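Following the working numbering, the numbering of the sequence shown begins with 1 at its first residue and continues without gaps.
First comes the structure, then the notes that go with it.
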Amino acid sequence: MNENINIGIIGYGYIASGVYSLLDKQKDYIAKKIGKKLNVTKVVEKDSGKLEPLKGRAGVSVSNNASDIIEDESIDIVVELVGGIVPAYDFVSKALANGKYVVTANKDLIANKGKKLFEVAEKNNVDILFEASVCGGIPIIGPLKSSLASNNIEKIVGIVNGTTNYILTRMEKDKLSFDEALKMAQDLGYAEKANPSSDIEGYDAACKLAILSSIAFNFRVVLEDVYREGITKITPDDIENAKELGYKIKLLAIGMEKDGEIIVKVHPALIPRGHILASIEDTYNAIYVYGNYVGQIMSYGRGAGDAPTASSIVGDIIKIARNYDRDKKGIIYGCTCFENKKIKAQDEDISKFYILIDVLDKPGVLAKIAKVFGDNSVSIKSMIQKQSAEGNIARLIFITHEVVNKNYYKSINEVAGLDEVIKVLNSIRVEDLE
Ligand code: HSE
1 MNENINIGII GYGYIASGVY SLLDKQKDYI AKKIGKKLNV TKVVEKDSGK
51 LEPLKGRAGV SVSNNASDII EDESIDIVVE LVGGIVPAYD FVSKALANGK
101 YVVTANKDLI ANKGKKLFEV AEKNNVDILF EASVCGGIPI IGPLKSSLAS
151 NNIEKIVGIV NGTTNYILTR MEKDKLSFDE ALKMAQDLGY AEKANPSSDI
201 EGYDAACKLA ILSSIAFNFR VVLEDVYREG ITKITPDDIE NAKELGYKIK
251 LLAIGMEKDG EIIVKVHPAL IPRGHILASI EDTYNAIYVY GNYVGQIMSY
301 GRGAGDAPTA SSIVGDIIKI ARNYDRDKKG IIYGCTCFEN KKIKAQDEDI
351 SKFYILIDVL DKPGVLAKIA KVFGDNSVSI KSMIQKQSAE GNIARLIFIT
401 HEVVNKNYYK SINEVAGLDE VIKVLNSIRV EDLE
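What follows is the structure, given as structure tokens:
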């Protein structure tokens, strides 16, 4: 009892100090629970200023050289919190090659280099755990790899980016423009000031979806496989129109298997206001999973922040520590991508669309637009006409039935080219979730 497990943390920023603080405050509680002591014995960080709070603390040494942890035989678990791919990939692969278990929150690393890292881990009979890489404090990777492992996962639908959810919530509740809501998110530290594109263009969500889909569908999905649209073109008008039609606009990450093909996409979508995902507001995240035995389940909580993310990281550390045997290491989950599947081309996928178009209000215009849609096999489900303040302009809102995307794209280009069409203002997908 009370075996010591030594932990080295590489990268000591906001999240890492949350991990250190959790392990410090909960040390006795965890030791009683698992019968082992989790000790952070080394912390490495390039920016020496960030290490100041640790200086003079008993039992922990600090440095600016990752090799001090990676090459240290006394370290059992390496926690990588550097972020990005370079140099994190190098640190993690070397740590695994040296027979250390790795825990990381690095979604870019797992979404882009997961396959190679799993190979190194397997070769060295250790593992890399990454619960915190998707939706901070929400347990989803562990459940998909263990409790839900017997299910064929049919579909995952998530609100996996807190920043965009916050922006869309403020746009709806406070009637703000996208730019105003983005500024609020930046002032609160949710979105990066210099370059918020990772969140607002959907890259962050796409990385998380690639990771989740790889596990759910037993097939390696990488970032480039994910179709991606951000939320920058959403306007208060779209949000208001969606409301009138009984929908809310959310940035969704959708992974599904259909006829042996995998569909992975991140895009804003109109979802029914009555669906539980429509109630996920502000910076909260939620992931809805459809399994063939479990049915529908949803995980909900905080997708970012130091304390929730530390909770997931330490959960992974505990998973490793519980069965840790220094002389006889072993793989916990390992890579679960054992199938070969195909990613469906976005053009061939099927969607429903909300379309907003300004047109000249004169006889025959609607018939012309309807003909273009009809000629391209785009079937209209409903249409509303609103009068513009300028008398001779009408605003048309269409909702389509399911259409093949390439037919839709062709039709909307043709519609935009009609003389009577002033502007196609927006096209947003509609997801009538079950
Ligand atoms: N920027 C992310 C979000 C958190 O807004 O959800 C880290 O992945």
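Heads up, the beta-carbon is just placed ideally off N, CA and C, and yes, glycines get one too.
Remember, predicted model here, so these are calculated numbers, not experimental data.
Sixteen is the threshold: when 16 or more other Cβ atoms of the shown chains lie within 10 Å of the Cβ of F118, as they do, the residue is buried.
In this structure, I140 is the residue among I7, A16 and I140 with its C-alpha nearest to the C-alpha of Y300. Counting along the chain, K243 sits inside no beta strand (DSSP E); it lies in the alpha helix (DSSP H) bounded by residues P236 to E244. Bounds of any beta strand (DSSP E) do not take in G136, whose DSSP letter is neither H nor E. Nearest in C-alpha terms to L168, of all of I156, M184 and E154, is M184. The Cβ atoms of V44 and Y20 lie no closer than 8 Å to each other. Each residue's CA atom was taken as its position, placing Q346 and I34 some 47 Å apart. In this structure, the ligand HSE has no non-hydrogen atom nearer than 7 Å to the beta-carbon of D47. In the displayed model, N285 falls within a strand according to three-state DSSP. DSSP places L252 in no alpha helix (DSSP H) but in the uninterrupted beta strand (DSSP E) bounded by Y247 to K258. For V40, no alpha helix (DSSP H) run applies; the uninterrupted beta strand (DSSP E) run containing it begins and ends at K36 to V44, by DSSP. Under the rule that a run must span 3 or more residues, the beta strand (DSSP E) segments found entirely inside the stretch 279 to 347 read 284 to 291 and 295 to 302. For the set I399, Y290, V359 and Y354, the Cα lying nearest the Cα of F217 is the one of Y290. The closest heavy atom of the ligand HSE lies less than 7 Å from the beta carbon of Y190. When beta bridges are read from the DSSP output, G83 appears opposite no residue. A residue is called buried when at least 16 other Cβ atoms come within 10 angstroms of its Cβ; A16 meets this threshold and is buried. In the DSSP assignment, N125 falls outside any alpha helix (DSSP H), carrying neither H nor E. When secondary structure is reduced to three states using DSSP, Y101 falls in the strand class. Here the alpha carbons of P196 and K94 stand approximately 32 Å from one another.
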